[in-house]
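Quick notes on the structure that follows.
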Amino acid sequence: MVEWTEFERATIQDIFSKMDYESVGHNALARCLVVYPWTQRYFGKFGNLYNAAAIMGNPLVAAHGTVVLHGLDKAVKNMDNIKAAYAELSVLHSEKLHVDPDNFRLLADCLTIVVAGRLGSGFTPDVQAAFQKFLAVVISALTKQYH
């Protein structure tokens, strides 16, 4: 079980309460697909992902980015047991979709960059540390869970 300080809890809840899910999700996923093009292999049904402009303009990328961010709501609401909250998603991503767990880390890095850009000077080192701890716990929960 992960121990959270009151600052960490409040910070995570504050970030997500102000989040523009559609914009941030779209930009984070699109950035991941552009910067790490090998991650595109999981999105073969998304159509044109041939260049940065196509990825940024792809409505399926935008929609899935929003889904991903809303999926993080589950972790925000279950910070005391994120692993259990993501048990089904872990099975889906590891056993059915065969997603390389490193891709979660890459997407988390892209999400951190987008959130930092949105928060500007409010994205202090302490805020970043709390946000990245949260994402690390989510990533751990999404990787294959052994029961």
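Using the UniProt record's numbering, the first residue of the sequence shown is number 1, and each one after it goes up by one.
Where is the CB? At the ideal position from N, CA and C, for every residue including glycine.
All figures in this text were calculated on a predicted structure; none of them were measured in a lab.
About 5 Å separates the beta carbon of residue 30 from that of residue 61, a gap short enough to meet the 8 Å contact definition. For residue 42, the three-state secondary structure derived from DSSP is helix. Distances from the alpha-carbon of residue 71 to those of 3, 5 and 135 put 135 closest. For the set 143, 41, 46 and 118, the Cα lying nearest the Cα of residue 104 is the one of 143. In this structure, the alpha-carbon of residue 131 lies about 13 Å from that of residue 17. By the beta-carbon neighbour count (other beta carbons within 10 angstroms, threshold 16), residue 124 is exposed. Only residues of its own chain outside the window of five on either side were considered, and among them 130 and 133 have a CB closer than 7 Å to the CB of residue 8, listed in chain order. For residue 76, the enclosing alpha helix (DSSP H) starts and ends at 59-77. With respect to residue 137, residue 55 sits apart: the two C-beta atoms are not nearer than 8 Å.
Residues of the same chain with a CB within less than 6 Å of the CB of residue 141, apart from the 5 flanking positions on each side, are 82, 83 and 86 in chain order. In summary, residue 35 is exposed, with fewer than 16 beta-carbon neighbours lying within 10 Å of its beta-carbon over all protein chains present. Residue 27 and residue 1 have their C-alpha atoms spaced approximately 31 Å apart. Nearest to residue 20 by C-alpha distance, out of 100, 102, 119 and 6, is 119. Only residues of its own chain outside the window of five on either side were considered, and among them 128, 131, 132 and 135 have a CB closer than 8 Å to the CB of residue 112, listed in chain order.
Looking at 110, 79 and 37, the one whose alpha-carbon comes closest to that of residue 65 is 110.
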